[in-house]
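Student:
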Amino acid sequence: MLKNLGIAVFSACLALASAACAPSEEEQVAASQAESVGMPAPLILSPKELSGQTFDLKIDEVLVITESAGLDAEVSNPEVAEFSPARTDGATEYNASVRALKEGATAIQLSDGTAFNLKVS
350 MLKNLGIAVF
360 SACLALASAA
370 CAPSEEEQVA
380 ASQAESVGMP
390 APLILSPKEL
400 SGQTFDLKID
410 EVLVITESAG
420 LDAEVSNPEV
430 AEFSPARTDG
440 ATEYNASVRA
450 LKEGATAIQL
460 SDGTAFNLKV
470 S
């Protein structure tokens, strides 16, 4: 009888441990939706992290610029990438971003002096 109780306790512990490691239903749905959309996750960087760097993006990939309120940008080749300034819509705040539009290369100069390059493939 003690042996059966030990097996039951071990089985219960094993079930609880595996349940704790399993993703929640909400996490599974989110992962499934992300896979079904097929969009790459955005690259999220601050102006300091962008400065002097070259970034490779795929078409339709987005680079989000944190700490970007009030920034504007000049894109040397606007056919390759498009800059969207930070904005507020009601209670929602959006960071500035750069979307890769077509294959090519472009230089981007932010109004704070930060400069970086994009290669789009």
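Here the sequence shown is numbered in our numbering, starting from 350 and rising by one per residue. Note that CB positions come from ideal geometry on N, CA and C, so glycine has one too.
1. Got a sec, what are the start and stop residues for the beta strand (DSSP E) LEU459 sits in?
2. DSSP state of LEU450, grouped into three classes?
3. What does a CB cutoff of less than 6 Å around PRO391 pick up in its chain, not counting 5 residues either side in sequence?
4. When the distance is taken between beta carbons, is LEU406 closer than 9 Å to GLU428?
5. Looking at the unbroken beta strand (DSSP E) that takes in LEU392, where does it start and where does it end?
6. Quick one: Cα of ALA430 to Cα of ALA440, how far?
7. Hey, PHE465 and SER400: beta-carbon distance below 9 Å or not?
8. Is the beta carbon of ILE408 less than 9 Å from the beta carbon of VAL447?
9. Let me confirm a value: SER417 is counted as buried when at least 16 other C-beta atoms fall within 10 Å, else exposed. Which label applies?
Tutor: In short:
1. By one-based count along the sequence shown, residue 459 stands at place 110. Here the beta strand (DSSP E) through LEU459 covers 453–459.
2. Sequence index remark: in the sequence shown, residue 450 carries index 101 (1-based). In this structure, LEU450 counts as coil in the three-state DSSP scheme.
3. Here residue 391 is taken as the residue at index 42 of the sequence shown, counted from 1. Here the set comprises VAL411 and VAL413.
4. Mapped onto the sequence shown, residue 428 falls at position 79. Mapped onto the sequence shown, residue 406 falls at position 57. Contact flag unset, no.
5. Looking up residue 392 in the sequence shown gives position 43. Run containing LEU392: 392–394, per the beta strand (DSSP E) assignment.
6. Counting from one through the sequence shown, the residue named residue 430 turns up at place 81. Counting from one through the sequence shown, the residue named residue 440 turns up at place 91. Approximately 28 Å, taken between the alpha carbons.
7. Sequence index remark: in the sequence shown, residue 465 carries index 116 (1-based). Sequence index remark: in the sequence shown, residue 400 carries index 51 (1-based). Cβ distance < 9 Å, so PHE465 and SER400 count as in contact.
8. In the sequence shown, the residue the question calls residue 408 occupies position 59. In the sequence shown, the residue the question calls residue 447 occupies position 98. No, the Cβ-Cβ distance between ILE408 and VAL447 is not below 9 Å.
9. Mapped onto the sequence shown, residue 417 falls at position 68. Buried: at least 16 other Cβ atoms inside 10 Å.
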